[in-house]
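In this text, residue positions in the sequence shown follow UniProt numbering: the first is 1, and each later residue adds one. The beta carbon of each residue, even a glycine, is placed where N, CA and C say it ideally should be.
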Amino acid sequence: MAKVFLDIGAHIGETLAVVRDPKWHFDRIVCFEPAPVCWPRIEALADERVEICRFGLWSEDATMTLHNPGDVGASTAFDKNPITDSADCAFRDAAVWFAENVSDSDQVYAKINVEGAEADLIDRLFGSGELAKIDHLLVHFDVRKAPSLSHREPAVRAQLVASGVDFQSAEEIQFGGVIRGTRNWLQWVEGNRRTRDLRFKVLRRREHAVRRRLYPLKQRLLRSDVDVAKGERV
1 MAKVFLDIGA
11 HIGETLAVVR
21 DPKWHFDRIV
31 CFEPAPVCWP
41 RIEALADERV
51 EICRFGLWSE
61 DATMTLHNPG
71 DVGASTAFDK
81 NPITDSADCA
91 FRDAAVWFAE
101 NVSDSDQVYA
111 KINVEGAEAD
121 LIDRLFGSGE
131 LAKIDHLLVH
141 FDVRKAPSLS
151 HREPAVRAQL
161 VASGVDFQSA
171 EEIQFGGVIR
181 GTRNWLQWVE
191 GNRRTRDLRF
201 KVLRRREHAV
211 RRRLYPLKQR
221 LLRSDVDVAK
231 GERV
């Protein structure tokens, strides 16, 4: 049995930067990213456990237009963000890839952050029975950001529940950016079931709210220190 992490929507390796830490004991890490502009950043973070799949996962093998490739919100959805650039990128059938590359005996952690494509991706995995191979899932419900896809979120959630996957939506557990938020989710997964919701959801949410409120003050203090330093040099 291998402990596997599937980084579906790897972008420039923000999640990889967390999960490659030996403390999480992943034997195998697979990064899926269809945008060529992102690949060098992922390659720079990779170690011998990391496999870089230079394609996205979807409901079938296809070449699709990715809008704003390289951006945090890059998406195949035409109505998610204003489009400044586009590129044709490769996508593979998620169910086929899972069947060929993930064993029933593996302990599988996965992150899905594919900016709206999660509806088709999860639907395909659910219909094929491959979704049940995922033990722990962090999912970003980005369909809500695209008017043409927002109606699909309830069905996606229902499929996740029916599959028995232990899933958390990003807004429930990922506070303070991708790196801090991914670490928080992993701590929650492996934490004490009696106390983990309090520690990693309730208290972390409050901590994040306090940080946001204090941020403007921090910036003002930093600017003040810079001004003082400039005055001392004059």
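When burial is assigned at 16 or more other CB atoms within 10 Å of the CB, is G116 buried or exposed? The count along the sequence shown starts at 1 and reaches residue 116 at position 116. That one is buried.
Report buried or exposed for P40, applying the criterion of at least 16 other Cβ atoms within 10 angstroms of its Cβ. Counting from one through the sequence shown, the residue named residue 40 turns up at place 40. That one is exposed.
Can you tell me whether T182 is helix, strand or coil according to DSSP? If you number the sequence shown from 1, residue 182 lands on position 182. If DSSP states are grouped into helix, strand and coil, T182 belongs with the helices.
By the three-class DSSP mapping on this structure, what secondary structure does C142 have? The count along the sequence shown starts at 1 and reaches residue 142 at position 142. The amino acid at residue 142 is misidentified as Cys; the sequence shows Asp. Of the three classes helix, strand and coil, the one that applies to D142 here is helix, per DSSP.
For the segment 27-106, which segments carrying the alpha helix (DSSP H) assignment without a break, of at least 4 residues, lie completely within its bounds, in sequence order? Within the segment 27-106, the complete alpha helix (DSSP H) runs of at least 4 residues are 39-45 and 94-101.
With respect to the beta strand (DSSP E) encompassing F5, which residues constitute its N-terminal and C-terminal limits? As a first step, residue 5 is located in the sequence shown; it is residue number 5 there, counting from the start. Looking at the DSSP string, the run of the beta strand (DSSP E) that includes F5 is K3 to I8.
R124 versus S59: straight-line alpha-carbon distance, rounded: Here residue 124 refers to the residue found at position 124 when the sequence shown is read from its first residue. Here residue 59 refers to the residue found at position 59 when the sequence shown is read from its first residue. If you take the alpha carbons of R124 and S59, they lie about 5 Å apart.
Does A119 come out as helix, strand or coil in the three-state DSSP assignment? On the sequence shown, residue 119 is found 119 positions in, with the first residue counted as 1. DSSP, reduced to helix, strand and coil, places A119 within a helical segment of the structure shown.
Express the C-alpha separation of M64 and R6 in angstroms, rounding to a whole number. By one-based count along the sequence shown, residue 6 stands at place 6. By one-based count along the sequence shown, residue 64 stands at place 64. With the sequence shown as reference, residue 6 is identified as Leu, and Arg is not the correct amino acid for it. It is roughly 21 Å from the alpha-carbon of L6 to the alpha-carbon of M64.
My understanding is that R152 touches V143, with C-beta atoms under 8 Å, so please give their C-beta distance in whole angstroms. Residue mapping note: residue 152 aligns to position 152 of the sequence shown, counting from 1. Residue mapping note: residue 143 aligns to position 143 of the sequence shown, counting from 1. Sure, about 5 Å apart at Cβ, within 8 Å.
Burial state of E100, where buried means 16 or more other Cβ atoms lie within 10 Å: In the sequence shown, the residue the question calls residue 100 occupies position 100. Exposed, by the Cβ-count rule.
Between which two residues does the alpha helix (DSSP H) containing Q174 stretch? As a working mapping, residue 174 is identified with position 174 in the sequence shown. Unbroken run through Q174: none, as it is neither H nor E.
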